[in-house]
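J.: Protein chains in written order, with this note's numbering: chain Z, 1 to 364; chain V, 1001 to 1367; chain R, 2001 to 2304.
Every residue, glycine too, gets a C-beta built ideally from N, C-alpha and C.
Bear in mind that the values here come from a model prediction, so they are computed numbers and not experimental data.
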Amino acid sequence: MAEVVLKNVVKRYGELEAVSNVSFECRNGEFLVLLGPSGAGKTSTLKMIAGLEKITSGQVFIGGREVNGLEPRQRRVAMVFENYALYPHLSVFDNIASPLKAAGVAPGDIEARVKHVAKMLQIEQLLDRRPAHLSGGQQQRVSFGRALAKEADVYLMDEPLSHLDAKLRHETRGELKRLHGELGTSTIYVTHDFREALALADRVVVLDKGSIQQIGTPAEVYDQPANDFVADLIGEPPMNLIGCVATQLDGSLCFASDAFSLRVPSHAVDCVRGMTLPRQVRIGIRPTHITVELRPAGEDSVRAEVYVLEPLGALSILTVKLGADLVKIRVPEDFSAEIGDQVWLRFAEEKIRVFDAESGHRLV
Amino acid sequence: MAMGVVVLQNVWKKYGDVEAVKNLNLECKEGEFLALLGPSGCGKSSTLRMIAGLERITLGSIFIDGREVNALEPRQRDIAMAFEAYALYPHLTAYENIAFPLRVRGMREQEVDRRVREIADTLDIGNILDRLPRHLSGGQQQRISFARAMVRPARVYLMDEPLSHLDAKQRSQLRSELKRLHRFKGLTIVFVTHDQIEAMAMADRIAVMNLGVLQQVGTPLEVFNHPKNLFVANFVGEPPINLLSVTVRQEGQDILFTGDGFMIAMRDGRLAAAAAKLSTSKGVLGIRPMHIALHRESVSPHSIPGNVTLYEGLGDTAVVTVQVGGNAVRVETSPDVSVSIGERVFLQFSAAHVHLFDQDTGENLLH
Amino acid sequence: MNRVTAAPVKGRDFNSWIDKRLPVLFVAPVVGILLTLAIGPLLFIFITSFMSWELVSAAAPQFIWFRNYLNIVLDSRFWNAMKNTLILLVGGVGLQLVLGLITALLLNREFKLKRVVTSLFLIPITIAPVVVGFQWRVIYHESFGPLNYIIRMLRLGNGFAWLADTRTALFSILVAEVWQWTPFVTIVLLAGLQSISPRVYEAANVDGATPWQVFRRVTLPLLKPTIIIVALFRVMDVFKIFDLVFLLTGGGPGTASESVSLYTYINGFRYFSMGYATALAVIQLLIVTIICMNLVKMMKVRRA
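1) Can you check DSSP and say which residues form a bridge with I317/Z?
2) Span of the beta strand (DSSP E) holding Q342/Z?
3) With a threshold of 7 angstroms between beta-carbons, can T288/Z be considered close to chain V, or not?
4) Let me know if V221/Z comes out buried or exposed under the rule of 16 or more other beta-carbons within 10 Å of its beta-carbon.
5) Does the beta-carbon distance from L367/Z to V205/Z come in below 7 angstroms?
6) So, with DSSP's three-state summary, where would you put A1147/V?
7) In whole angstroms, what separates the C-alpha of E1222/V from that of Y1089/V?
8) Can you pull the chain R residues whose beta carbon is under 7 angstroms from the beta carbon of E1073/V, in chain order?
9) Name the chain Z residues whose beta carbon is nearer than 9 angstroms to that of V1236/V?
10) Pop quiz: S2259/R and N2084/R are said to be a contact at Cβ under 8 angstroms. What is the actual Cβ separation, rounded to whole angstroms?
11) Going along the chain, which residues of its own chain have a beta-carbon closer than 6 angstroms to the beta-carbon of K177/Z, five neighbours each way excluded?
12) In whole angstroms, what is the alpha-carbon distance linking V327/Z and N240/Z?
13) Using beta carbons (cut-off 7 angstroms, strictly below), is L2105/R in contact with chain V?
14) Are the stretch 2043–2054 of chain R and the stretch 2275–2293 of chain R touching by the rule of at least three beta carbon pairs closer than 8 angstroms?
15) When the cut-off is 7 angstroms and only beta carbons count, does G1016/V lie next to chain R?
16) 7 angstroms is my cut-off, CB to CB: does M1107/V come that close to chain R?
17) When the Cα atoms are used, what is the spatial distance from S261/Z to D223/Z?
18) Identify each residue in the stretch 1161–1184 of chain V for which the Cβ-Cβ distance to at least one residue of chain Z is less than 9 angstroms, and report them in chain order.
19) Along the chain, where does the beta strand (DSSP E) containing P2183/R start, and where does it finish?
20) Less than 7 angstroms between the beta carbons of R1171/V and L1163/V, yes or no?
21) Taking Cβ-Cβ distances shorter than 7 angstroms, what residues in chain R pair up with Y1089/V?
22) Excluding five sequence neighbours on each side, which residues of the same chain lie with their C-beta closer than 6 angstroms to the C-beta of A1199/V?
23) Please compile the residues from chain V whose C-beta is within a distance smaller than 7 angstroms of the C-beta of P2221/R.
24) Would you list the one or two residues that DSSP bridges to Q1216/V?
25) Here's a check: name, in chain order, each residue in its chain whose Cβ is nearer than 6 angstroms to the Cβ of P296/Z, leaving out the five neighbours to either side.
26) If you drop the 5 nearest sequence neighbours on each side, which residues of the same chain put their C-beta closer than 8 angstroms to that of A2203/R?
27) Identify, in the order they occur along the chain, each residue of the same chain with its Cβ nearer than 6 angstroms to the Cβ of V1029/V, setting aside the five sequence neighbours on each side.
28) So, at 8 angstroms on beta carbons, what are the nonlocal neighbours of E82/Z in its own chain, with the 5 sequence-adjacent residues on each side left out?
29) Find the residues of chain V that neighbour Y222/Z, judging by a C-beta separation of less than 7 angstroms, and give them in chain order.
30) Express the C-alpha separation of Y2265/R and Y2140/R in angstroms, rounding to a whole number.
31) Strictly under 7 angstroms for the Cβ-Cβ distance: is G2208/R near chain V by that measure?
32) Pull out every residue of the stretch 1299–1314 of chain V whose Cβ sits closer than 7 angstroms to any Cβ of chain R, in chain order.
33) Pick out the complete beta strand (DSSP E) segments inside the stretch 217–276 of chain Z, 3 residues or longer, and give them in chain order.
34) Go through the stretch 1071–1131 of chain V residue by residue and report every complete run of the beta strand (DSSP E) that reaches 3 residues or more, in order.
35) Would you mind telling me which residues of chain Z sit closer than 8 angstroms to L1221/V, beta carbon to beta carbon, in chain order?
36) Shortest alpha-carbon distance to V1319/V belongs to which of V1299/V, I1292/V, L1178/V and L1244/V?
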């Protein structure tokens, strides 16, 4: 067990800077998720920790020891890949045993460890099969098994669930979280799927274009996104961002646009008062925090036009046109409306976030 | 009887010994958005390719507008198609790709230009029209392929996973645009997908397929609320439905379900009728995670006790896994509910949300 | 990279030394071979092309600067050879491309024995040019050749002295050249055709394109880079045509079928005018280089 520390790490491929000045820490026993879209630099970061990519500049420490100059095998890390990368000519047992054999573990110990890992992953009955005879989910378990069999201080996982179908992904995700709970080994996990990040992580590092956007607990990145990028990355549908102007009308502070005018909620008043008004902002509100009425509902309700309604079974997603923006709202499955209908929206005041229109930083 | 725009009659597709599609009967009506939903290898793509004329029909007939098209070339069928693998012309720019189906029909350049610009506008690809496919990302190529299919009038639009390579945001965007295009223009669309959310969100009707066999055809809510069998129940819905093996016994007016680690009694006429149809006393009880309420203490004698083994926050919702005997039961709750691992909780659900399946045939007995 | 804490391992220094110099070590033998076998002789030829160097005369070689080149420009036999070469080039390569494309399109379809037929197509390429030459000499033979035999059998006439008649000699060489090299064009174009994704054809079919439109608008443009490459190879090859001419007609009758290469050979090894012959060789080299550069440029334009 060990903590992993990255200090000002940079990765350049020729002209292209894939990772720019990234610093973060994965504490001992922590489950840290690197979340970002493709090209965010998360896999490059993981590979630098593993030693599979050279570090252009900066330092990586594992358990207090700088590992920049060390080969992957000297770093005491185990890695699970996106594609299972199993040896097709070896049985499941031999696949799991291969890193142990390479490390020169005694045959008796190998057998014991493989059996132990197989039991943990519930693949004992598959040990003498070849990878070709396994389902995708089983192959990924074997691939986990190969990583777990090795004595490692840190587990590195690169989108290990992305090739599984929805149901299996769901199950394996739960399995993984349970395993981490049992083993308590520091884990750094790369994904582009915010659900995996929120469900698995102790803390999430959000990356975009090689830079860290936010580091925080799942609740923090969901509820207090540092900027519009993070707000837009997390949630299905993600947080609505509605362009408007913070201004003063008839003595009261409000967010206004051509389509609506909304009183500034109490938790934002102080901040808005401190701005030079009027100021271009975007207000952010999650689809769960808007209620829809078919009639005008008080002076704080905002009129909008139905753009499309999509039933998803247990609930539906209603998209409405509010000025130039499309706003998505989670509504009950029995809600019905036609394209073009007028509806009135009510925002849960305390859930309104405010972002700077230019920099994208969260102001409130 | 009015015939649908696309009608499949007893259609089979065999590749050597493999039966990819088995005796399929299906109809897509005028102006309908029909989704073919199923896991990979279920025969949905083969079905679409047979409608398009890209695969031979082994047995049976396909009609488009009442005319049997079995022997017709794709170009004679008056169809448009968007491919999952894009299938763009690599030597043509995005613009020329979209214009291709119009130009081969000898349309005047002025009209071609107007139409290409119009569809490019709708799909927000106006800025990449002069690029060659190899300079476009997968998502952009997919939108071009989609535009090429939508640019011209056709009797039927066939779409093979046209959103699969888009990122989540683009996908939800294009999903809405496609649904609006369909509603406004009254297009007839057959859409293949493995993503149940896509099918639910857009389709008028969903045809669920598995292993080459049609499982159920119905509106999204029918398929979700009244799945015909275990496969459909399992495939539709995220997180997936909880399925518990039970022994069923009638006791007075109550139906008694006994499973590993729990026993509940329910008083419900529909359930009683369904239970009567069981061939043995064994059945499978299905209940969706969002239809289970989670309580800290026993609120009624009908609640099921269990221990929390996993808590997964997903932002808008949370999924709590509760161990009940040998069953791991998933419950979808509001993210505000806080429970800790190992905590004892009580599960409750109403008879109205319960499904009962035959253990051998997998059929939903409530139908 | 931060080396401060990296332990100085003995093996690592050697490894990094190897790492840096490995590319050079790999390339060195090739550079050596090129220098001794290509660049060196080339320089030698350049120099001799500015000299008068008659092996049959006792006079020592001497620099005459551009005299050789001037003589070539004024040499009507050279222009005759050039004309013959161009006829072979345009007619031969043109026919090879057309026939090659047709056969490639046919072979690209699914049919029984496709593999067998495709392998049969390779036979002409595998035969040595000398053998091809003799084979066609037999075919064209005035009295015993099968060609004239067939003509007589069909009562179309008495046949020709194919290789001895000024009207047919060049044409006869062209036919042999086309026979030998069309299969090469076919195979290369077939590979090009097979690299076109079948999905693209499906899309075109669904998009409503007729078979002719599919060929014009999809197949041909996608095949164009391959066509250019194979044309490049053939043009360079035919421009240097020597073996078939030498074996079938020897450039005759008279100079009726003499190619530039053959004329160069005759100058060098029959008249022993080394200066004149090397000047001819340099001119050929320049022309081939120009053709080559143009074709490569066309390929690049296509790519961009």
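T.: Let me spell this out:
1) Here residue 317/Z corresponds to residue number 317 of the first sequence, with the count starting at 1. BP columns for I317/Z point to E310/Z and R330/Z.
2) Taking the first residue of the first sequence as position 1, residue 342/Z is located at position 342. Residues Q342 to F347.
3) Reading the first sequence from its first residue, position 288 is the one you call residue 288/Z. Taking Cβ atoms only, chain V reaches closer than 7 angstroms to T288/Z, which makes this a yes.
4) Position 221 of the first sequence, counted from the start, is the residue given in the question as residue 221/Z. That one is buried.
5) With chain Z covering 1 to 364 only, the question about residue 367/Z has no answer from this structure.
6) Walking along the second sequence from the start, residue 1147/V turns up at place 147. Correct three-state label for A1147/V: helix.
7) By one-based count along the second sequence, residue 1222/V stands at place 222. By one-based count along the second sequence, residue 1089/V stands at place 89. If you take the alpha carbons of E1222/V and Y1089/V, they lie about 40 angstroms apart.
8) Looking up residue 1073/V in the second sequence gives position 73. What E1073/V touches in chain R: N2205.
9) Along the second sequence, read from residue 1 onward, the residue named residue 1236/V stands at position 236. Taking the beta carbon of V1236/V as reference, the chain Z residues within 9 angstroms of it are G313, listed in sequence order.
10) Residue numbering aside, residue 2259/R sits at position 259 when the third sequence is read from its first letter. Residue numbering aside, residue 2084/R sits at position 84 when the third sequence is read from its first letter. Right, their Cβ atoms sit about 6 angstroms apart.
11) Taking the first residue of the first sequence as position 1, residue 177/Z is located at position 177. Counting only Cβ-Cβ distances below 6 angstroms, and skipping sequence neighbours, we find L200.
12) Counting from one through the first sequence, the residue named residue 327/Z turns up at place 327. Counting from one through the first sequence, the residue named residue 240/Z turns up at place 240. Straight across, the Cα-Cα distance linking V327/Z with N240/Z is about 6 angstroms.
13) If you number the third sequence from 1, residue 2105/R lands on position 105. Not an interface residue.
14) Yes, since at least three Cβ pairs between the stretch 2043–2054 of chain R and the stretch 2275–2293 of chain R fall closer than 8 angstroms, the two stretches touch.
15) Residue 1016/V sits at position 16 when you count from the first residue of the second sequence. By this cut-off, G1016/V is not an interface position.
16) In the second sequence, the residue the question calls residue 1107/V occupies position 107. Not a single CB atom of chain R sits nearer than 7 angstroms to the CB of M1107/V.
17) Position 261 of the first sequence, counted from the first residue, corresponds to residue 261/Z. Position 223 of the first sequence, counted from the first residue, corresponds to residue 223/Z. Between the C-alpha atoms of S261/Z and D223/Z there is a straight-line separation of about 24 angstroms.
18) Along the stretch 1161–1184 of chain V, going in chain order, the ones with a CB nearer than 9 angstroms to a CB of chain Z are D1167, A1168, K1169, S1172, Q1173, R1175, S1176, E1177, K1179, R1180, R1183 and F1184.
19) As a working note, residue 2183/R is residue 183 in the third sequence. Note, P2183/R: premise wrong, no beta strand (DSSP E); alpha helix (DSSP H) at A2169 to Q2194.
20) Counted from its first residue, the second sequence places residue 1171/V at position 171. Counted from its first residue, the second sequence places residue 1163/V at position 163. Their beta carbons are under 7 angstroms apart, which means R1171/V touches L1163/V by this criterion.
21) Taking the second sequence and counting its residues from 1, the one referred to as residue 1089/V is at position 89. Here the neighbours are V2200 and V2218.
22) Within the second sequence, numbered from 1, the residue matching residue 1199/V stands at position 199. Contacts found: A1035, L1037, T1193 and I1206.
23) Position 221 of the third sequence, counting from 1, holds the residue named residue 2221/R. What P2221/R touches in chain V: H1091.
24) Stepping through the second sequence from its first residue, residue 1216/V is reached at position 216. Beta-bridge pairing links Q1216/V to V1208/V.
25) Numbered from 1 along the first sequence, position 296 holds the residue referred to as residue 296/Z. Taken in chain order, the residues that qualify are W344.
26) As a first step, residue 2203/R is located in the third sequence; it is residue number 203 there, counting from the start. Contacts found: none.
27) Position 29 of the second sequence, counted from the start, is the residue given in the question as residue 1029/V. What sits at residue 1029/V in the sequence shown is Lys, not Val. G1004.
28) In the first sequence, counting from the first residue as 1, residue 82/Z sits at position 82. The residues are D158, E159, P160, S162 and H163.
29) Residue 222/Z sits at position 222 when you count from the first residue of the first sequence. Those within 7 angstroms of Y222/Z in chain V are G1315.
30) On the third sequence, residue 2140/R is found 140 positions in, with the first residue counted as 1. On the third sequence, residue 2265/R is found 265 positions in, with the first residue counted as 1. About 25 angstroms.
31) Locating residue 2208/R in the third sequence gives position 208, where the first residue counts as 1. Yes, G2208/R lies at the interface with chain V (some Cβ there is under 7 angstroms from its Cβ).
32) Here the close residues number zero.
33) Correct list: 240–249, 252–256 and 261–263.
34) The DSSP assignment places 1079–1082 as complete runs of the beta strand (DSSP E) inside the stretch 1071–1131 of chain V, in order along the chain (cut-off: 3 residues).
35) Stepping through the second sequence from its first residue, residue 1221/V is reached at position 221. Result: P311, G313 and E333.
36) Along the second sequence, read from residue 1 onward, the residue named residue 1319/V stands at position 319. Per the Cα distances, I1292/V.
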